[in-house]
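Enquirer: Residue numbers (the working numbering), protein chains in the order written: chain B, -15 to 205; chain Y, -15 to 205. The structure follows.
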DNA sequence: CACCATTAGTTAACGCCGTTAACCGAATTA
DNA sequence: TAATTCGGTTAACGGCGTTAACTAATGGTG
């Protein structure tokens, strides 16, 4: 009678409310504040009600992560517009750090916190590959474009290796900055400076000597 | 009568046994396996007995961290012997990754896991500064030597900035490698390759054009 | 020697946590 | 109307970190 559909929609609705409550709780108070009981309390349900919609806490978190990964990927939308392939890569690096700092809780969940279960099966996801590959795929696109431009040093041929090295360096800047935030006693240089220097090293390691982009940063930064 | 000393020594002894049990449990089964109850079980005490020797779990972990930091610093003992300052820095980088991979649980506790309480007061420590600064101080020494050698580009003058950028990059390689270990589905390049490439970029970003060390890696690696 | 103070360690309990089994009650279906 | 489905609740289990009250052995002191 179609009323079945209504019931299904209602179920989807509470499921969404659970996810929203978890996300909000997580974003505002950090991962350790996300407990089944507090999520339930927020939506005025019993903790066990959550288990009707999610197998367990990990399944809930995994679903949170997939939506966060989409948000993460969306954060790089603007870099595609940058014309120069090298500058585009730097722009992506800056966007990466920006995301990590402005959404540090999300960044921690996605890339720092090691969940008990491997994130292998984040979601089947639409199309090919997990959403995690969306941002990574974009990185491959950007680095691939730099590679195709012929401006990289001839020894650079391994695209995955290049991407993973770039990612590693940026992740290092982001994650160390996040964990050093409170660590006041330490005289920590501004993240922007560390980011800029890392990107400068990356570019110099990537492009051939005498590349026009080098003059942007050659003088005295 | 001196028997007081014996009592004190006995107390120190059980305190040490608690730390040993925690360390062993931690190294073999990871951080989440370290619970007050399991530690107590190992040394055949009651969980509450631990509270005679440590204020709470965090205090115990902090003490574990300080000894791990010493072990961490000791891991770099051999790099001081390398003569060439640039090569010494690379050697330290390799040692860093080596430590992170062979003692990944310790590395996670020290640099990845963000403890609820800032690690500000790890220990007053002997001499000046916390033990965390020992390895960092060594990094400052190594980078400082490179700086003093006059082989770095003239724009490099900020020693802390250089050290922190180096550290960030190496930390990125280490931590991403650790968290990607299980993540099988992903075609991840060997950590040694990523490490080598990162160090190559670092060196090229650091030293002047035409530095002799560049010919080591210039050809076609 | 007798008495008291100190203290390493135990017992019992509290309030959290994730999770499960049994149940309830309203809506759907036959 | 009777049977069935199923979103949600109640009560409970085992485990966690931590605390208060207590025990028992030791040490110093009159």
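C-beta: ideal position from N, C-alpha, C; glycine also.
When DSSP builds the beta bridges, which residues end up paired with residue 136 of chain B?
Expert: B/191
Enquirer: Is it buried or exposed for residue 89 of chain Y, if we count other Cβ within 10 angstroms and need 16 for buried?
Expert: buried
Enquirer: Quick one: which residues of the segment 177 to 193 of chain B get their C-beta closer than 8 Å to a C-beta of chain Y? List them in chain order.
Expert: 177, 178, 181, 182, 184, 185, 186, 188, 189, 190, 193
Enquirer: By how many angstroms is the C-alpha of residue 136 of chain B removed from the C-alpha of residue 8 of chain Y?
Expert: C-alpha separation (whole angstroms): 48 Å.
Enquirer: State yes or no: is the C-beta of residue 48 of chain Y within less than 8 Å of the C-beta of residue 6 of chain Y?
Expert: Result yes, Cβ atoms of residue 48 of chain Y and residue 6 of chain Y sit closer than 8 Å.
Enquirer: From B/26, B/186, B/-11, B/16, pick the residue whose C-alpha is nearest to that of residue 1 of chain B; which is it?
Expert: B/26
Enquirer: If you measure from the CB of residue 150 of chain Y, is any heavy atom of the ligand NAD nearer than 7 Å?
Expert: This structure lacks the ligand NAD, and indeed carries no ligand of any kind.
Enquirer: Can you list the residues of chain Y that residue 160 of chain B reaches, using a CB-CB cut of under 9 Å?
Expert: By Cβ distance, chain Y contributes 95, 148, 151, 152, 155, 156, 159.
Enquirer: Below 8 Å, can you find three or more Cβ-Cβ pairs linking the segment 24 to 40 of chain B to the segment 62 to 69 of chain B?
Expert: no
Enquirer: Excluding the 5 residues flanking residue 103 of chain Y on each side, which residues of the same chain have their C-beta closer than 6 Å to its C-beta?
Expert: With a pLDDT of 47 at residue 103 of chain Y, under the threshold of 50, the predicted position of this residue should be treated as unreliable, and no value is reported.
Enquirer: Any idea what DSSP makes of residue 26 of chain Y, helix, strand or coil?
Expert: Here residue 26 of chain Y carries a helix assignment [DSSP, helix/strand/coil].
Enquirer: Got a sec? Which residues, its chain only, sit under 6 Å from residue 183 of chain Y by beta carbon, not counting five neighbours each side?
Expert: 74, 77
Enquirer: Between which two residues does the alpha helix (DSSP H) holding residue 60 of chain Y run?
Expert: From DSSP, residue 60 of chain Y is part of no alpha helix (DSSP H); its letter is neither H nor E.
Enquirer: Given this structure, state the Cα-to-Cα distance separating residue 153 of chain B from residue 24 of chain B, to the nearest angstrom.
Expert: Straight-line Cα distance between these residues: approximately 39 Å.
Enquirer: Please work out which residues of its chain come closer than 8 Å, Cβ to Cβ, to residue 140 of chain Y, disregarding the five sequence neighbours upstream and downstream, and give them in chain order.
Expert: The residues are 131, 146, 190.
Enquirer: Should residue 199 of chain Y be flagged as near chain B, meaning a C-beta pair shorter than 8 Å?
Expert: no
Enquirer: For a contact defined as C-beta to C-beta under 8 Å, what are the partners of residue 145 of chain B on chain Y?
Expert: 173, 177, 178, 181
Enquirer: Leaving out five residues before and five after residue 112 of chain Y in sequence, what residues of the same chain have Cβ atoms less than 7 Å from its Cβ?
Expert: Any reading at residue 112 of chain Y must be qualified, since the residue scores a pLDDT of 40, below 50, and its modelled position is unreliable; the value itself is stated next. Within the same chain, residue 112 of chain Y has no close Cβ partners at all.
Enquirer: Taking its Cβ as the centre, do 16 or more other Cβ atoms sit within 10 Å of residue 192 of chain B, making it buried, or is it exposed?
Expert: exposed
Enquirer: Could you give the first and the last residue of the continuous alpha helix (DSSP H) run that contains residue 144 of chain Y?
Expert: 143 to 164
Enquirer: Among Y/175, Y/177, Y/200, whose alpha-carbon lies nearest the alpha-carbon of residue 187 of chain Y?
Expert: Y/200
Enquirer: For residue 179 of chain Y, count neighbouring C-beta atoms within 10 Å of its own C-beta (all shown protein chains included) and say buried if the count is 16 or more, exposed if not.
Expert: Taking every protein chain shown into account, the CB of residue 179 of chain Y has 16 or more other CB atoms within 10 angstroms, so this residue is buried.
Enquirer: Considering only the alpha carbon of each residue, which of Y/69, Y/34, Y/15, Y/35 lies closest to residue 196 of chain Y?
Expert: Selected option, being the one with the closest Cα: Y/69.
Enquirer: Examine the Cβ distances between the segment 162 to 177 of chain Y and the segment 117 to 125 of chain Y and report whether three or more of them are shorter than 8 Å.
Expert: no
Enquirer: Do you know how far the Cα of residue 67 of chain Y is from the Cα of residue 128 of chain Y?
Expert: Cα to Cα, residue 128 of chain Y sits roughly 14 Å from residue 67 of chain Y.
Enquirer: Mind listing the chain Y neighbours of residue 98 of chain B? Cutoff is C-beta to C-beta under 8 Å, in chain order.
Expert: 92, 96, 162, 163
Enquirer: Specify, as a first and last residue, the run of the alpha helix (DSSP H) that residue 69 of chain B falls within.
Expert: 69 to 86
Enquirer: Thinking C-alpha only, which one of Y/156, Y/150, Y/177, Y/176 is nearest residue 185 of chain B?
Expert: Y/150 is the residue among Y/156, Y/150, Y/177, Y/176 whose C-alpha sits nearest the C-alpha of residue 185 of chain B.
Enquirer: Here's the rule: buried if 16 or more other CB atoms are within 10 angstroms of the residue's CB, otherwise exposed. What is residue 40 of chain B?
Expert: exposed
Enquirer: May I ask you to report which of helix, strand or coil DSSP gives residue 176 of chain Y?
Expert: helix
Enquirer: What do you reckon, are the CB atoms on residue 33 of chain B and residue 59 of chain B nearer than 8 Å?
Expert: Their beta carbons are not under 8 Å apart, which means residue 33 of chain B does not touch residue 59 of chain B by this criterion.
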